[in-house]
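To keep things clear, I will list the structure first and then write my remarks on it.
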Amino acid sequence: MRLALVLAILPGLAFAEDVTVLAPVTAATIFPNGLTLTREGRAELPAGRHRLLIPMPEDAGFLPDLALTGAALGPVERLSDAVADGRGLFDAAQRAAFDAMETAEAALENARDAADRARTEAEAAEAAQAFWRSITGEALTGLDPQALAATAAQVAEGVAAAQARAIAARAAVRQARDAIEAAERDLAQARRDLAATGPDFGPVDMLAVAVTLEAPGAVAVTLTQPGAGGWAPVYDATLDEDAGRLTLARKLRVTQRSGLPMRDVALTLSTADPYAQTAPTEPQPDLARIVPQDAPARGSFREAEIASDMMRAAPAPALAEQVVAGVRLDGPVVTYAYPRPATLPTGGDPVVLALDDLVFDARPFARAVPRRDTTAFLMAEFENTTPEPILPGALTLFRGDARVGEARLPLIPAGDEAELAFGPLPAIRLEFVALDNETGDRGIITSSATRVQDLVYRIRNLSDAPETVETRIALPFSEQEALELDVRVRPEPDRTDIEDKRAVGEWVLPLAPGSETEIRVRIEAGWPEGQILIWEP
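For the sequence shown, my numbering assigns the number 1 to the initial residue and increments by one for each residue that follows.
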């Protein structure tokens, strides 16, 4: 897309011609926080010195990187508010949207005019009705019978005609109101469509690029400039329990606020952070000092002097770490080249782009944490068999076609295993009981320096199918020699210290339909006199 205009009113015209080149965005690399745009423009120029005038986004206080072919590059400068009316810089899509908006505005005005005419016609018809009905018998006194009959017929016809006009006019008023409402909706949509193209009505800054041609020819200019925007991965995870298959549909939520329209651009998404710290922090001298013990009291002039000296010698405060949204990786940069040209609105509204589906073999299983939950939960274990990491992002969970909730997908490196939860299993009920004397069972037994506590964890299978439930319980432990703990568990856990969590045990419990099982824990604690136990079951 290109446009060439001679701007004879711009200042400093020491050139043969000023040519406006729109240089639309043709490619974009988007990072988790920020983006880099590539703009390309072209103009056919005669020999001599010229300036290429390229529109720049509002508030972009920078000069972009620039590459030129077909001419020698001269000075480059920014011309603030160089063009008062930005409509002359519209591209084809913006021009079409602007013309559609003006057409919609004209249609609305025409509808309003039609409504005014219909109301005027209705008022005239009502006035005619009032006139004919105002003629009474007294006004006809003295007429001979033949004239009286003719006049009466004429009045009747006048009333009927006026009434017909009024009815038609009121119908026209209703139609006009409907036409106004339709025209207002069309205009609102046309304005939205125009806004989506990213128009700049002005004033518009221009980048002035001086070029020199030895002979007539084509000049191509490429600009690379940063902008505001970002992206984050989002996923739909669908578990097929019967097939043992997990499908991860990858999508990209992308935004851009560069101030430039982006239509059908080549899109690359990268996990790199080009705005991160690029150099080490400079160490500052660290001076240690002593002061006399009889230094003046707090708040004195001497104290202020000492504090001032220490401040001068203290290290400079480190800059606060930049807070960035999206993905941050310690490993290699991951880059996605989106396979189709993409269009992104300028206002920063997110666009979700479908990427691909990843399919994994999965092991569905039930997990129970009876101390904390009342039901077990469906889980799926799988391995990332792709050659690339699966990036963290928002996750929507499905069991078959049923949506079960939202979650957050963690970073899963290539070759690593992960687990996802797919909601509760109401048929597997959990119960936790801390026995006490009120139950009639052996429960809490305490003295000043001992405690005995019995705990029961129950798992019930209320379904009509057998289930295997992986049950996890955090057992108490002590890191103090003076606190002695004797923990006895029936049955013993199949594994302990799960996921490197101290004393967290796991039991793999098979349950027949309608059956129940339980885990019993007895804790005996002893500690020295004068101390108190900080622990609750």
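Don't be surprised by glycine CBs; every beta carbon is placed ideally from N, CA and C.
Values in this document were obtained by computation on a predicted structure and should not be read as measured data.
The beta strand (DSSP E) with residue i in it runs from where to where?
i: Asp-464; result: Asp-464 -> no beta strand (DSSP E), and no H or E assigned at all.
i: Leu-475; result: Segment: none, Leu-475 is in no beta strand (DSSP E) and carries neither H nor E.
i: Pro-537; result: Counting along the chain, Pro-537 falls outside any beta strand (DSSP E), and DSSP gives it neither H nor E.
i: Leu-353; result: 351-368
i: Val-487; result: 484-490
i: Trp-507; result: 504-511
i: Arg-245; result: 245-256
i: Asp-205; result: 204-213
i: Ala-266; result: 262-270
i: Gln-225; result: 217-227
i: Ile-523; result: 516-526
i: Phe-382; result: 375-383
i: Ala-337; result: 335-337
i: Ile-428; result: 417-434
i: Val-19; result: 17-20
i: Ala-394; result: 393-399
i: Leu-35; result: 34-45
What does a CB cutoff of less than 8 Å around residue i pick up in its chain, not counting 5 residues either side in sequence?
i: Leu-187; result: Met-101, Ala-104, Glu-105, Ala-107 and Leu-108
i: Ala-449; result: Gly-526, Trp-527, Pro-528, Glu-529 and Gln-531
i: Val-404; result: Leu-397, Phe-398, Phe-422 and Gly-423
i: Tyr-235; result: Leu-248, Ala-249, Arg-250, Lys-251, Gly-393, Ala-394, Leu-395, Thr-396 and Leu-409
Applying the 10 Å Cβ sphere with the 16-neighbour rule, what's the burial state of residue i?
i: Ser-258; result: buried
i: Gly-34; result: buried
i: Tyr-275; result: exposed
i: Val-352; result: exposed
i: Phe-62; result: exposed
i: Gly-348; result: exposed
i: Ile-534; result: exposed
i: Ile-167; result: exposed
i: Leu-287; result: exposed
I'd like to know if residue i contacts chain B, where contact means its C-beta is closer than 7 Å to some C-beta of that chain.
i: Gln-154; result: Among the chains in the structure shown there is no chain B, since it carries only a single protein chain.
If we call anything under 7 Å between Cβ atoms a contact, is residue i one with residue j?
i: Pro-32; j: Gly-230; result: yes
i: Ala-28; j: Arg-39; result: no
i: Arg-458; j: Glu-431; result: yes
i: Ala-366; j: Leu-425; result: yes
i: Leu-248; j: Ala-362; result: no
i: Ala-72; j: Thr-212; result: yes
i: Phe-422; j: Leu-397; result: yes
i: Ala-465; j: Pro-513; result: yes
i: Thr-197; j: Pro-261; result: yes
i: Val-19; j: His-50; result: yes
i: Ala-169; j: Ala-118; result: yes
i: Ile-30; j: Leu-194; result: no
i: Gln-225; j: Leu-66; result: no
i: Thr-471; j: Ala-368; result: yes
i: Arg-263; j: Thr-343; result: yes
Looking only at its chain, what residues have a beta carbon closer than 6 Å to the beta carbon of residue i, apart from the 5 residues adjacent to it on each side?
i: Val-521; result: Leu-455 and Val-489
i: Leu-45; result: Leu-213 and Val-219
i: Ser-478; result: Leu-485
i: Val-209; result: Leu-52 and Val-76
i: Arg-165; result: Ala-125
i: Val-327; result: Summary for Val-327: the model assigns pLDDT 37, below 50, so the residue's position carries little reliability, and this model does not support an answer.
For residue i, which residues from the same chain have a beta carbon less than 7 Å from its beta carbon, with the 5 sequence-adjacent residues on both sides left out?
i: Thr-375; result: Pro-424, Leu-425, Pro-426, Ile-428, Arg-429 and Leu-430
i: Met-206; result: Leu-53, Ile-54, Pro-55, Met-56, Leu-79, Ala-82 and Val-83
i: Asp-494; result: Glu-506, Trp-507 and Val-508
i: Gly-202; result: Val-83, Ala-84, Asp-85 and Gly-86
i: Glu-388; result: Val-334 and Ala-414
Query raised in the report: Mind pulling the beta strand (DSSP E) runs of 3 or more residues that sit fully within the region 54-132?
Result: The beta strand (DSSP E) runs of length 3 or more contained entirely in the region 54-132 are, from start to end of the chain, 65-69 and 72-83.
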